[in-house]
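**Student:**
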Amino acid sequence: MFERFTAAARGVALAAQGEAARLSHHYVGTEHVLLGVLSPEFADEAAARVLVAVGLDRDYVRSETLRIVGPGTPLEGLGEDEAASLQAIGIDLDAVRARVESAFGEGVLDQAHRDPPAGRLPFTPRAKKSLELALREASRLHHRRLGPDHILLGLIREGHGVAAQIVLSKAPLDVVRERLLAELDAAA
Numbered sequence: 250m251f252e253r254f255t256a257a258a259r260g261v262a263l264a265a266q267g268e269a270a271r272l273s274h275h276y277v278g279t280e281h282v283l284l285g286v287l288s289p290e291f292a293d294e295a296a297a298r299v300l301v302a303v304g305l306d307r308d309y310v311r312s313e314t315l316r317i318v319g320p321g322t323p324l325e326g327l328g329e330d331e332a333a334s335l336q337a338i339g340i341d342l343d344a345v346r347a348r349v350e351s352a353f354g355e356g357v358l359d360q361a362h363r364d365p366p367a368g369r370l371p372f373t374p375r376a377k378k379s380l381e382l383a384l385r386e387a388s389r390l391h392h393r394r395l396g397p398d399h400i401l402l403g404l405i406r407e408g409h410g411v412a413a414q415i416v417l418s419k420a421p422l423d424v425v426r427e428r429l430l431a432e433l434d435a436a437a
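Taking the working numbering, I'd label the letters of the sequence shown as residues 250 to 437.
1) Check whether the Cβ atoms of residue 399 and residue 386 sit closer than 7 angstroms, and answer yes or no.
2) DSSP beta-bridge partners for residue 277?
3) Along the chain, where does the alpha helix (DSSP H) that runs through residue 396 open and close?
4) Restricting to Cα atoms, I'd like to know which of 260, 295 and 306 is closest to residue 419.
5) At a threshold of 6 angstroms, does residue 303 count as lining the ligand ZN (C-beta to nearest heavy atom)?
6) Note down the Cα distance separating residue 276 from residue 410, rounded to an integer number of angstroms.
7) For residue 254, list the residues DSSP reports as bridge partners.
8) Pick from 433, 268, 287 and 274: whose alpha carbon is nearest that of residue 390?
9) Return helix, strand or coil for residue 420, following the three-state DSSP convention.
10) Find out if the Cβ-Cβ distance for the pair residue 467, residue 285 is shorter than 7 angstroms.
11) From the DSSP output, in three-state form, read off residue 433 for me.
12) Taking the alpha-carbon positions, what's the residue 291 to residue 339 distance?
13) Are there 16 or more other CB atoms within 10 angstroms of the CB of residue 417, so buried, or fewer, so exposed?
14) Could you say which of 268, 421, 304 and 314 lies nearest to residue 406 if we only look at CA atoms?
15) When you compare only the Cα positions, how much space is there between residue 255 and residue 395?
16) Whole angstroms is fine: what's the gap from residue 374's alpha carbon to residue 337's?
17) Use the C-beta contact count for residue 388: other C-beta atoms within 10 angstroms, 16 or more gives buried, fewer gives exposed.
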């Protein structure tokens, strides 16, 4: 699928990975992909311009993501096997977190994990579906390559993920879609 992505579209996918990791989420959801579209390096793309025009900037999308999904925790980074092993020998991970935070300050564990972890985070089924729909949008528009604009069209077309909920909080999905298509037509 990624072979048809432009460098900017690949950049959106990488930025989505980074956003998920910064929020200590251990997956890449549609909300992270939306944040990727709004990355500063893609501010000149039609998708970002349309989102900003309807009131969706990175800070708003990030705060809505945290409101809807909640923050992840670095301790969630333990695999199920590791967490189960620690619990089997009597270690309560929540108690460990509470003691560390009481000794070193609230949020200290979160601060230690601001940089994205090594390796790639898995995309959720909805995020994968939105990327598949982005490919269909590019094909429908007779575009050979898929860019950030198509990714936004895919997120909108998927219509049920966290990204769609966030977009809907500012504008109807069909309005955002029509504005983006109008920008693409004007640029052609």
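The beta-carbon is built from N, C-alpha and C at its ideal position, and this holds for glycine as well. Just so you know, these numbers come straight off a predicted model, no measurement behind them.
**Tutor:** So, from the data block:
1) yes
2) 372
3) Where residue 396 is concerned, there is no enclosing alpha helix (DSSP H), given that its DSSP letter is neither H nor E.
4) 306
5) Among the ligands in the structure shown, none appear at all, so the ligand ZN cannot be discussed.
6) 14 angstroms
7) 395
8) 433
9) coil
10) Residue 467 lies beyond the residue range present for the chain, which begins at 250 and ends at 437; the question has no answer from this structure.
11) helix
12) 48 angstroms
13) exposed
14) 421
15) 6 angstroms
16) 32 angstroms
17) exposed
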